[in-house]
Structures are given as C-alpha cells and as structure tokens.
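> Quick note, the sequence shown lines up with residues 2 to 150 if you use my numbering. Idealized CB from N, CA, C, for every residue including glycine. Only a predicted model underlies this, so the values are computations on that prediction, with no experimental measurement involved.
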Amino acid sequence: MTPQAFIAAIAPAAKVCAQRTRVPASVTVAQGALESGWGLHAPGMNLFGIKADPGWHGPYTTKLTHEVVNGKTVQVASRFRAYSSWLGSIEDHAEFLIRNPRYRPAFAYTNGPEFAAAVARCGYSTAPTYAAMVIAIMKAHNLTLLDVA
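#1: Using 10 angstroms around the beta-carbon of LEU48, count the other beta-carbons present and answer buried if the total reaches 16, otherwise exposed.
#2: Using DSSP bridges, identify the partner residues of LYS73.
#3: Would you list the one or two residues that DSSP bridges to ALA62?
#4: If I measure Cβ to Cβ from GLU36 and keep anything under 7 Å in the same chain, skipping five residues before and after, which residues do I get?
#5: How long is the line joining the alpha carbons of ALA134 and ARG122, rounded to whole angstroms?
#6: Measure from the alpha carbon of ARG80 to the alpha carbon of each residue in HIS42, ALA6, PRO60 and SER90, then state which is nearest.
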C-alpha cells in the first residue's frame with residue numbers, strides 16, 4: 002500500500018475519532034504508518050503495535066518484534082492485540098491512550114507534533130527516536146492538515 006492510499010484509507014476514521022477523543026488525527030495516521038509500515042505489516046489489523054498485556058481479554062496474535070532493552074536492540078516474541086478491522090484498531094488506540102494514566106500529559110497538547118512527542122516521552126515505544134520518526138512522517142505528508150476542524 003502506498004503512503005497516499007494508507008492515508009486515504011484511515012484519515013476519515015482518524016478525524017472522526019479525534020473529534021470524540023482529542024487524539025489528533027495526524028498522530029493516529031503517523032503512528033499507524035510507522036508502526037505498520039503503511040498498513041503492510043499489521044498482523045491482527047493492529048496498526049499501532051499495541052501489546053496484549055495481562056489486562057487485555059480480547060483476541061491477540063504473537064509476532065517477533067525488536068525492542069530496545071538496556072540500550073541494545075533485541076528480538077522478542079510478544080503478544081499483540083488483534084482486531085477485526087482497522088477502525089477497531091484506531092478506536093482502541095485512542096481508548097488505550099485515554100485509559101492509560103501514563104499518557105495523560107499528552108492530552109495537554111492539541112498540536113499533533115507536541116502530542117506525539119508527549120506520548121513518546123510517556124514511554125509509548127522503546128525506540129529512543131520514536132517521536133522524531135512520528136513527527137517526520139507528519140511533516141513529510143502534511144498530516145497536521147488533518148487536525149484542522
């Protein structure tokens with residue numbers, strides 16, 4: 002899937018979700034693009050790489066992933082949440098951010114890049130350059146235009 006096709010496919014749902022949840026659509030699209038390789042690598046329709054922690058009681062899939070542990074990149078098998086559609090993934094991503102107190106500081110920002118940087122600071126990813134990667138996708142594809150009401 003091309004970046005343009007991916008954006009066209011999920012931007013409408015991201016915009017609707019943003020109105021309800023205050024998670025900027027630009028963040029939803031950019032994180033989904035980064036985490037899923039523009040939709041090409043989304044086992045279980047999980048666009049965001051949200052893990053199936055012990056509190057998750059829904060379907061899941063197991064896949065090998067790379068994590069940064071003690072400054073070193075290692076490969077681990079992890080359980081990830083699974084969905085029946087990308088819409089389900091988008092909605093759960095927003096609810097995941099809302100319900101998890103660690104991400105509360107991000108909601109002080111309405112600007113997509115600032116929100117993304119806050120989510121990264123709160124520990125969304127083990128990648129030290131996660132915020133920069135998400136923001137670079139936003140800029141390269143003018144995704145902040147999705148945040149205009």
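Judging by the given coordinates:
#1: buried
#2: VAL70
#3: Per the sequence presented here, residue 62 reads as Thr, with Ala not at that position. DSSP lists PHE81 as partners of THR62.
#4: LEU48, PHE49 and GLY50
#5: The displayed chain sequence assigns Met, not Ala, to residue 134. For MET134 and ARG122, the distance between alpha carbons rounds to 13 Å.
#6: PRO60
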